[in-house]
Structures are given as structure tokens and as C-alpha cells.
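Participant: Numbering (this note's numbering), first residue to last: 147 to 300.
Ideal Cβ positions, reconstructed from N, Cα and C, are used throughout, including at glycine.
#1: Among 161, 166, 152, which residue has its Cα nearest to the Cα of residue 246?
#2: Tell me where the beta strand (DSSP E) around residue 250 begins and ends.
#3: Give the range of the alpha helix (DSSP H) segment to which residue 215 is assigned.
#4: So, does the region 203-220 touch the region 230-239, judging by three or more C-beta pairs under 8 angstroms?
#5: Apply the 10 Å Cβ neighbour rule to residue 251 and answer buried if 16 or more other Cβ atoms are within range, or exposed otherwise.
#6: Kindly identify the DSSP beta-bridge partner or partners of residue 181.
#7: Using CA coordinates, which residue listed in 149, 196, 220, 263 is at the minimum distance from residue 96?
#8: By the 10 Å Cβ neighbour count, where 16 or more other Cβ atoms means buried, how is residue 114 classified, buried or exposed?
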């Protein structure tokens, strides 16, 4: 099948607490940074399965952004849909595991580069890409539908 699976959403780095129940209210040790963000992880896994994968997101012009783009590109994701924003920082997430696989999170996504993703970024990134949509199919959206929803939210 000659399709590309396009994904839209956050691209960030993640820091994991080293100890269970560590929490965030006092100093602790963390592992990371690791490339993260559910849409980015999905796009990466799609590419690793041998399908063409494209990610639309934003990162800052910083080392975390470079790390994410490098990793995704190395794994086969088309990174042409990722905008590098010069005046923003790449998003981050801190994760602490509790017992019974419960997790606590602290995110800075709304104020980071991925939180600034807009329909204009899609227009700019998609301008150099050949994108077609077949549908409507359940659970899918065309690029035009996605951009319209993003415009309505702003």
C-alpha cells in the first residue's frame, strides 16, 4: 500500500523520575531527556513498522528540538512538517510513577513551541508536500478539516 500516515500534535522531551512515588514537591533525580509526545511516538512507531510517516508539529530552536528531529528522521519519519520556532522553546514533560502504574505529570506544552502549532504552520509545511486525502472514512480527517478546526480554536 502506497500511503503516508500523517500525524499532528505535540513533540517534546520527557524526564522520568528515578524513584517510584518520587513526586515533584521536593528535589529528586530524573532520567532524560527522552524524545516524547504521544503523536510523535506514534509517528515514530509507524515509520519503524515500515510505513511512510509524516509529523506536523513545532519545536524550539534549541538542543531538545534538534534531538527530536534527529531521532525522528533517523527512524524514518518525514520531518518536513515540523516547524522550528526561533522564539519558543521545545516542550517538556516531567513524569513520576506511583504504585499500580499510576502517573503524575507536569507539562509546559501550552507555552512551548508545540503549543503554538497553528493552521498557518500546516499551510507552510504542507506547501512543499504533495498531500491528498481520500475519504471520508471513519476516524480520519482531511488536512482542510484539521486546519479549519484549528482556526476555530484560535
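Facilitator: This is what the structure holds:
#1: 166
#2: 249-253
#3: 209-220
#4: yes
#5: exposed
#6: 159
#7: In the structure as shown, the chain begins at 147 and stops at 300. Residue 96 is therefore absent and cannot be evaluated.
#8: There is no way to answer for residue 114, as the model of the chain reaches only from 147 to 300.
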